[in-house]
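To start, the structure itself, in structure tokens.
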Amino acid sequence: MTAVAPALIPTLVVDDDHEVAGIHTGFLLAHGAFDVVGAAHTGTRALELADALRPRLVLLDIHLPDMTGIDVLRALRNRPGEPLDVIAITAARELDTVRAAVAGGVLHYLVKPFSAAVLNQRLDHYVAYRRDLDAQAEDGSAALDQGRIDQLLRTTAGTAAGGSPSVTATITTPKGLSAPTLDAVMLDLRSQGRGTSASDVAERLGMARVSARRYLEFLVSRGQARIVPQYGSAGRPEKFYVWTDRTGSAPGSS
């Protein structure tokens, strides 16, 4: 008996930049598990296509010309019918934006720039999540026990049995440092080509300066960052941290 190939996942790409939308479309098609049913470059068009095409997954940018991606996310959540899955792919890293996206139920929040490997990892996690959902639906039981619910949540986060954990899950962090915050600091530092201070990292990520410095010093100890003294007008050097990625294990690394 010939095995039936899994159905492709209908996906809508939303990004204000036509070229970036095309790149994301290429990633999805190359992955092999997705069918890109449409692309939108404004929030209004995204909502129109979501209603017309009924995708299962939306890759959503936050910075759109007519409304924010958070507004689109909330509108999608309020529409009737089967809920859509959303992965945010954006340069927006403000704490309030990230918090609103998480509250709106995004499955992943990817900060630009990132590598193809990172995006493919998140897409793999999503495919595993959909597979688990479909398997549960085939069982014919609408009710899930706590174990199955926990399993679905682990799969969404990319930590299902037999699957690859998230990048920072492979890093043993000292007591008091969290993997999600480390992930955010790594992404922020990588985006600052000439380096950045702990104060600036703290301001961008909405955290205390002393906490930002702890994470940065941890990256220095791993060889993923180096310190470059910068001299201000008073002649006192300030520590600037520069991304080096010697271990190759940070998110978004190529």
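Reading the sequence shown from the start, the letters are residues 501 to 754 in this note's numbering.
For glycine and all other residues, C-beta sits at the position ideal for the given N, C-alpha and C.
At what residues does the beta strand (DSSP E) containing residue 614 begin and finish?
Taking the first residue of the sequence shown as position 1, residue 614 is located at position 114. No beta strand (DSSP E) contains residue 614, which DSSP labels as neither H nor E.
Would you grab the beta carbon distance between residue 512 and residue 553 for me? Rounded to a whole angstrom, and I think it's under 8 Å.
Indexing the sequence shown from 1 puts residue 512 at position 12. Indexing the sequence shown from 1 puts residue 553 at position 53. Rounded, the Cβ-Cβ distance is 6 Å, consistent with contact.
How long is the line joining the alpha carbons of residue 608 and residue 534, rounded to whole angstroms?
Translated into the one-based positions of the sequence shown, residue 608 becomes position 108. Translated into the one-based positions of the sequence shown, residue 534 becomes position 34. Their Cα atoms are separated by approximately 17 Å.
Based on the DSSP output, what are the partners of residue 739 in its beta bridges?
Walking along the sequence shown from the start, residue 739 turns up at place 239. The partner list for residue 739 (beta bridge, DSSP) reads 729.
Pull up the distance between the alpha-carbon of residue 447 and that of residue 620, whole angstroms please.
In the structure displayed, the chain extends from 501 to 754; residue 447 sits before or after that span and is not available.
Are residue 586 and residue 623 close, meaning C-beta to C-beta below 8 Å?
Taking the sequence shown and counting its residues from 1, the one referred to as residue 586 is at position 86. Taking the sequence shown and counting its residues from 1, the one referred to as residue 623 is at position 123. Going by C-beta atoms, residue 586 is not nearer than 8 Å to residue 623.
Per DSSP, what kind of secondary structure is residue 744 in: helix, strand or coil?
Here residue 744 refers to the residue found at position 244 of the sequence shown. Note: residue 744 maps to coil in three-state DSSP.
Go to residue 538, then tell me how far its beta strand (DSSP E) extends in each direction, as first and last residue.
Reading the sequence shown from its first residue, position 38 is the one you call residue 538. 534–540 is the span of the beta strand (DSSP E), which, as asked, contains residue 538.
With a CB to CB cut of under 8 Å and the five nearest residues on each side skipped, what residues in its chain are close to residue 708?
Indexing the sequence shown from 1 puts residue 708 at position 208. Answer for residue 708: 702, listed in chain order.
How many angstroms separate the CA atom of residue 558 from the CA atom of residue 514?
For the purposes of this step, residue 558 is taken as the residue at position 58 of the sequence shown. For the purposes of this step, residue 514 is taken as the residue at position 14 of the sequence shown. Using only the alpha carbons, I get a separation of about 7 Å.
Residue 509 - partner residues in DSSP beta bridges
Counting from one through the sequence shown, the residue named residue 509 turns up at place 9. For residue 509, which the question treats as bridged, DSSP gives the partners 534.
Would you kindly work out how many angstroms separate the C-alpha atoms of residue 661 and residue 598, rounded to a whole number?
In the sequence shown, the residue the question calls residue 661 occupies position 161. In the sequence shown, the residue the question calls residue 598 occupies position 98. With a pLDDT of 38 at residue 661, under the threshold of 50, the modelled position of that residue is not reliable, and the figure given next carries that caveat. Going by the C-alpha atoms only, they are around 28 Å apart.
Residue 523 beta carbon less than 8 Å from that of residue 756:
This structure leaves residue 756 out entirely; the chain is present only between 501 and 754.
In terms of alpha-carbon separation, which member of 712, 710 and 704 lies closest to residue 591?
For the purposes of this step, residue 591 is taken as residue 91 along the sequence shown, with counting starting at 1. The residue with the shortest Cα to Cα distance from residue 591 is 704.
Just grab the DSSP bridge partners of residue 609 for me.
Translated into positions along the sequence shown, residue 609 becomes position 109. In the DSSP output, where bridge partners are listed per residue, residue 609 has 588.
For the putative contact between residue 588 and residue 562, defined by C-beta atoms under 8 Å, what is the C-beta separation to the nearest angstrom?
Within the sequence shown, residue 588 is the residue found at index 88, counting from 1. Within the sequence shown, residue 562 is the residue found at index 62, counting from 1. Rounded, the Cβ-Cβ distance is 6 Å, consistent with contact.
Nearest candidate by alpha-carbon position, reference residue 725, set 711, 710 and 693
Counted from its first residue, the sequence shown places residue 725 at position 225. Among 711, 710 and 693, the Cα nearest to that of residue 725 belongs to 693.
Here's the rule I'm using: 16 or more other beta-carbon atoms within 10 Å means buried, otherwise exposed. How should residue 536 be labelled?
Reading the sequence shown from its first residue, position 36 is the one you call residue 536. With 16 or more Cβ atoms within 10 Å of its Cβ, residue 536 is classed as buried.
In or out: residue 616 buried (at least 16 other Cβ within 10 Å) or exposed?
For the purposes of this step, residue 616 is taken as the residue at position 116 of the sequence shown. By the neighbour-count rule (16 or more Cβ atoms within 10 Å), residue 616 is not buried but exposed.
If you run the structure through DSSP and keep just helix, strand and coil, what is residue 681?
Position 181 of the sequence shown holds residue 681. Looking at residue 681 - three-state DSSP - the assignment turns out to be helix.
State the DSSP-derived secondary structure class of residue 560, mapped to helix, strand or coil.
What you label residue 560 is simply residue 60 of the sequence shown in a count that begins at 1. Strand at residue 560.
Please work out which residues of its chain come closer than 8 Å, Cβ to Cβ, to residue 548, disregarding the five sequence neighbours upstream and downstream, and give them in chain order.
Stepping through the sequence shown from its first residue, residue 548 is reached at position 48. Excluding sequence neighbours, residue 548 sits near 540.
Tell me whether residue 555 is buried or exposed, calling it buried when 16 or more other Cβ atoms sit within 10 Å of its Cβ.
If you number the sequence shown from 1, residue 555 lands on position 55. Looking at its Cβ environment, which holds 16 or more other Cβ atoms inside 10 Å, residue 555 is buried.
Find the nearest neighbour of residue 682 within the set 695, 697, 699 and 711, judged by alpha-carbon distance.
Residue numbering aside, residue 682 sits at position 182 when the sequence shown is read from its first letter. For residue 682, the nearest C-alpha among the options comes from 711.
Limits of the alpha helix (DSSP H) - the one that residue 714 falls within:
Locating residue 714 in the sequence shown gives position 214, counting from the first residue. Here the alpha helix (DSSP H) through residue 714 covers 709–721.
Leaving out the 5 sequence neighbours to the left and right, which residues in its chain are closer than 7 Å to residue 697 when beta-carbon positions are compared?
Position 197 of the sequence shown holds residue 697. The answer, listed in chain order, is 738, 739 and 740.
To the nearest angstrom, how far is it from the Cα of residue 582 to the Cα of residue 675?
Here residue 582 is taken as the residue at index 82 of the sequence shown, counted from 1. Here residue 675 is taken as the residue at index 175 of the sequence shown, counted from 1. Cα-Cα distance, rounded: 41 Å.
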